[in-house]
Amino acid sequence: DGGITQSPKYLFRKEGQNVTLSCEQNLNHDAMYWYRQDPGQGLRLIYYSQIVNDFQKGDIAEGYSVSREKKESFPLTVTSAQKNPTAFYLCASSGQGRERELFFGEGSRLTVL
Amino acid sequence: GEDVEQSLFLSVREGDSSVINCTYTDSSSTYLYWYKQEPGAGLQLLTYIFSNMDMKQDQRLTVLLNKKDKHLSLRIADTQTGDSAIYFCAESYNQGGKLIFGQGTELSVKP
Numbered sequence: 030d031g032g033i034t035q036s037p038k039y040l041f042r043k044e045g046q047n048v049t050l051s052c053e054q055n056l057n058h059d060a061m062y063w064y065r066q067d068p069g070q071g072l073r074l075i076y077y078s079q080i081v082n083d084f085q086k087g088d089i090a091e092g093y094s095v096s097r098e099k100k101e102s103f104p105l106t107v108t109s110a111q112k113n114p115t116a117f118y119l120c121a122s123s124g125q126g127r128e129r130e131l132f133f134g135e136g137s138r139l140t141v142l
Numbered sequence: 326g327e328d329v330e331q332s333l334f335l336s337v338r339e340g341d342s343s344v345i346n347c348t349y350t351d352s353s354s355t356y357l358y359w360y361k362q363e364p365g366a367g368l369q370l371l372t373y374i375f376s377n378m379d380m381k382q383d384q385r386l387t388v389l390l391n392k393k394d395k396h397l398s399l400r401i402a403d404t405q406t407g408d409s410a411i412y413f414c415a416e417s418y419n420q421g422g423k424l425i426f427g428q429g430t431e432l433s434v435k436p
């Protein structure tokens, strides 16, 4: 079945460590997105990519990095520069349909110890 | 800038109707969306409405759009305990396909 797979589902990190969250999709979508979710704040856009080898900063890109070397993959690295990284991270993709529906992965919960 | 606002909590009795409200600021939005999030999971699209529509009905779901007041609502008829979740309103605000999400409304359905 087509969908978006995020891994790992749970991740623990010590302060000062970089971690990479994986996002893979087999929906043949061009656009992919990373959102951060905190309680009571909804979803905030970190980075997005509309095509391979190109990506743009979202509203809260500081302390994060991404790459888009393949259409199917859009990994997110949470660097040690991110001051408050504990959150739920959601990856999404969208196709060319007019309504631009976002398809979401199941999320990755990062906890900094 | 663009902003989407929702109340954070709503509690209803099983069998009642639920109405979740949302206000947005960007009058040029093309589509407005309602997403549902189960605990610990990603979001799933429930329904969407094109900006030139006033109402859209899909089984138990009714979406009302008031463009003049920039107000969107989602009505769930005959609410069930399985409807307990967080509901997000979202708008598309430019050609890039990016969405702006509200804070989410946590719906609690009591038996």
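Protein chains in written order, with my numbering: chain A, 30 to 142; chain B, 326 to 436.
Backbone N, C-alpha and C define an ideal beta-carbon position, used for all residues, glycine too.
Below-8 Å beta-carbon distance, residue i vs any chain A residue
| i | result |
| --- | --- |
| F413 of chain B | yes |
| N340 of chain B | Going by the sequence as given, residue 340 of chain B is Gly instead of Asn. No, G340 of chain B does not count as interfacial toward chain A. |
| Y349 of chain B | no |
| L390 of chain B | no |
| L371 of chain B | no |
| L335 of chain B | no |
Rounded Cβ spacing between residue i and residue j (contact assumed at less than 8 Å)
| i | j | result |
| --- | --- | --- |
| L432 of chain B | S409 of chain B | 6 Å |
| V329 of chain B | E416 of chain B | 6 Å |
| I75 of chain A | A90 of chain A | 6 Å |
| H58 of chain A | G124 of chain A | 5 Å |
| G69 of chain A | Q428 of chain B | 6 Å |
| L131 of chain A | L424 of chain B | 6 Å |
| Y64 of chain A | L56 of chain A | So it is not a contact: roughly 17 Å between Cβ atoms. |
| Q369 of chain B | K361 of chain B | 5 Å |
| L139 of chain A | L40 of chain A | 5 Å |
Contact set between residue i and chain A, taken where Cβ atoms lie within less than 7 Å
| i | result |
| --- | --- |
| Q428 of chain B | G69, Q70, G71 |
| S417 of chain B | R129 |
| K423 of chain B | L74, Y77 |
Best match in the options for proximity to residue i [C-alpha to C-alpha]
| i | options | result |
| --- | --- | --- |
| I26 of chain A | A:R42, A:Y62, A:E44 | Outside the modelled stretch of chain A, which goes from 30 to 142, sits residue 26 of chain A, for which no answer is possible. |
| N346 of chain B | B:K435, B:Y412, B:V434, B:K423 | B:Y412 |
| S137 of chain A | A:L105, A:L56, A:G45, A:R129 | A:L105 |
| D67 of chain A | B:F426, B:K392, B:D351 | B:F426 |
| K38 of chain A | B:S336, B:G367, B:G429, B:K361 | B:G367 |
| T404 of chain B | B:L335, B:K392, B:T348 | B:L335 |
| C414 of chain B | B:V388, B:P364, B:D383 | B:V388 |
| P436 of chain B | B:L424, B:Q428, B:G407, B:T430 | B:G407 |
| V17 of chain A | A:Q35, A:G31, A:N47, A:G126 | Here chain A comprises residues numbered 30 to 142, so residue 17 of chain A is not present and cannot be evaluated. |
| A121 of chain A | A:G92, A:R129, A:P114 | A:R129 |
| A402 of chain B | B:V434, B:D379, B:Q369 | B:V434 |
| P114 of chain A | A:Q35, A:R42, A:G31, A:K86 | A:R42 |
| T430 of chain B | B:E363, B:D379, B:D394, B:M378 | B:E363 |
Chain B contact residues for residue i, given Cβ-Cβ distances below 9 Å
| i | result |
| --- | --- |
| Y76 of chain A | What Y76 of chain A touches in chain B: nothing, since even the nearest Cβ is about 11 Å away. |
Contacts that residue i makes with chain B (C-beta to C-beta distance below 8 Å)
| i | result |
| --- | --- |
| L119 of chain A | G367, L368 |
Contact list for residue i against chain B, beta-carbon separation under 7 Å
| i | result |
| --- | --- |
| F41 of chain A | Those do not exist, as F41 of chain A stays about 16 Å from chain B at its closest Cβ, beyond 7 Å. |
Chain B contact for residue i (CB, 8 Å cutoff)
| i | result |
| --- | --- |
| E53 of chain A | no |
| E135 of chain A | yes |
- Query: Is the region 99-112 of chain A close to the region 65-85 of chain A, with three or more CB pairs under 8 Å?
  - Reply: yes
- Message: Assess contact between the region 330-348 of chain B and the region 109-123 of chain A, defined as three or more Cβ pairs (one per stretch) separated by less than 8 Å. Is contact present?
- Response: no
- Can we say the region 47-62 of chain A touches the region 392-399 of chain B, given the rule of at least three CB pairs closer than 8 Å? no
- Message: For the pair the region 373-380 of chain B and the region 346-363 of chain B, tell me if three or more CB-CB distances fall below 8 Å.
- Response: The region 373-380 of chain B, when compared against the region 346-363 of chain B, does touch it at the 8 Å Cβ threshold.
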